[in-house]
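Numbering (the numbering used here), first residue to last: 1200 to 1425. Ideal Cβ positions, reconstructed from N, Cα and C, are used throughout, including at glycine. Computed from a predicted model, the values in this text were never measured in an experiment. Heads up, the thing below is written out as structure tokens.
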Amino acid sequence: MKIINLMKKYKHIVLILYLPIYLYCFAWLEKRDDVPFTTIHCFIDDWIPFCEVFIIPYLLWFVYVVAVLLFLFFQTDHLEDYYRCAGMLILGMSTCLLIYYIFPNAQNMRPDGFARSNVFTDIMSFVYAADTDTNVLPSIHVYNAIVIHMGFSTSHRFREKPGWKYASLTLCVLICLSTMFLKQHSVLDVISAILLFGLYYALVCSVIPDWRRRHNGKAQYLPLKR
1200 MKIINLMKKY
1210 KHIVLILYLP
1220 IYLYCFAWLE
1230 KRDDVPFTTI
1240 HCFIDDWIPF
1250 CEVFIIPYLL
1260 WFVYVVAVLL
1270 FLFFQTDHLE
1280 DYYRCAGMLI
1290 LGMSTCLLIY
1300 YIFPNAQNMR
1310 PDGFARSNVF
1320 TDIMSFVYAA
1330 DTDTNVLPSI
1340 HVYNAIVIHM
1350 GFSTSHRFRE
1360 KPGWKYASLT
1370 LCVLICLSTM
1380 FLKQHSVLDV
1390 ISAILLFGLY
1400 YALVCSVIPD
1410 WRRRHNGKAQ
1420 YLPLKR
């Protein structure tokens, strides 16, 4: 009975079913080697040096995404915050997978070796070994970071707290920069992810407005504060 009550209260957990589907499709695309890949590169990429210290915000991305999604998930009085964020993640990640399938792309900017040997370069060696240099445009890492910042900074709990919003923005920017300074993505990958976010932000936020529960259980719709 307790499990049934929990499922009724947190029925929005059904969206988590997308994760295994995404992981399966992404893994399949990562294994493809029988298609011609277009190399993504622009002259600005050559101006950006490799800097292994950016592995810190790069890996914080995983904590950032999980922590914010869990916070929005349990913010049951304002589930529209969760639905907006999760909806944009699903739409954007699905679009990226479709683009990777139709337009196979890759990058060749990774350094052949590291000028220094330290804990950060050791971690980078592991990342390079685990993550192929294909399927880069648009950058899912960048897109998700921006969506998570949007979900956090526009949530009812934190939208009126500038300190937390600026902290989230700082981390989001560092994550986006890390993809370029670690030679995981081109500037073009980052720009395309930003444009994709803009498209789905306009779409999703117009479909899922703000609301709050009255004492009688009805919903009152309020404009989204951007």
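Exposure of residue i, with buried meaning 16 or more beta-carbon neighbours within 10 Å
i: Ser-1338; result: buried
i: Val-1262; result: exposed
i: Val-1406; result: exposed
i: Leu-1297; result: exposed
i: Gln-1419; result: Annotation note: pLDDT 43 at Gln-1419 (below 50); position unreliable, no value reported.
i: Arg-1425; result: Annotation note: pLDDT 43 at Arg-1425 (below 50); position unreliable, no value reported.
i: Tyr-1257; result: buried
i: Ala-1180; result: As shown, the chain starts at 1200 and ends at 1425. That puts residue 1180 outside it, with no answer to give.
i: Trp-1227; result: exposed
Residue interval of the alpha helix (DSSP H) (run including residue i)
i: Leu-1297; result: 1278-1301
i: Gly-1350; result: 1339-1352
i: Ser-1316; result: Element bounds for Ser-1316: n/a, residue is neither H nor E.
i: Cys-1224; result: 1217-1230
i: Lys-1364; result: 1361-1380
DSSP state of residue i mapped onto helix, strand, coil
i: Pro-1422; result: At Pro-1422 the pLDDT is 48, less than 50, meaning the model places this residue with poor confidence; the figure from the coordinates comes in the next sentence. Pro-1422 falls in the coil class under three-state DSSP.
i: Ser-1385; result: coil
i: Asp-1245; result: helix
Per DSSP, cross-strand counterpart(s) of residue i
i: Ala-1305; result: Thr-1238 and Thr-1333
Exercise. Kindly confirm or deny that the segment 1366-1374 and the segment 1282-1297 touch, where touching means at least three C-beta pairs closer than 8 Å.
Key: Between the segment 1366-1374 and the segment 1282-1297, the count of C-beta pairs closer than 8 Å stays below three; the two stretches do not touch.
Quiz item: So, do the segment 1297-1317 and the segment 1348-1362 have three or more beta carbon pairs nearer to each other than 8 Å?
Solution: No, because fewer than three Cβ pairs between the segment 1297-1317 and the segment 1348-1362 fall closer than 8 Å, the two stretches do not touch.
Quiz item: Is the segment 1323-1337 close to the segment 1271-1281, with three or more CB pairs under 8 Å?
Solution: With the cut-off at 8 Å, the segment 1323-1337 and the segment 1271-1281 do not touch.
Quiz item: Within the chosen definition, does the segment 1386-1402 reach the segment 1230-1250 through at least 3 CB pairs nearer than 8 Å?
Solution: Yes, the segment 1386-1402 is in contact with the segment 1230-1250.
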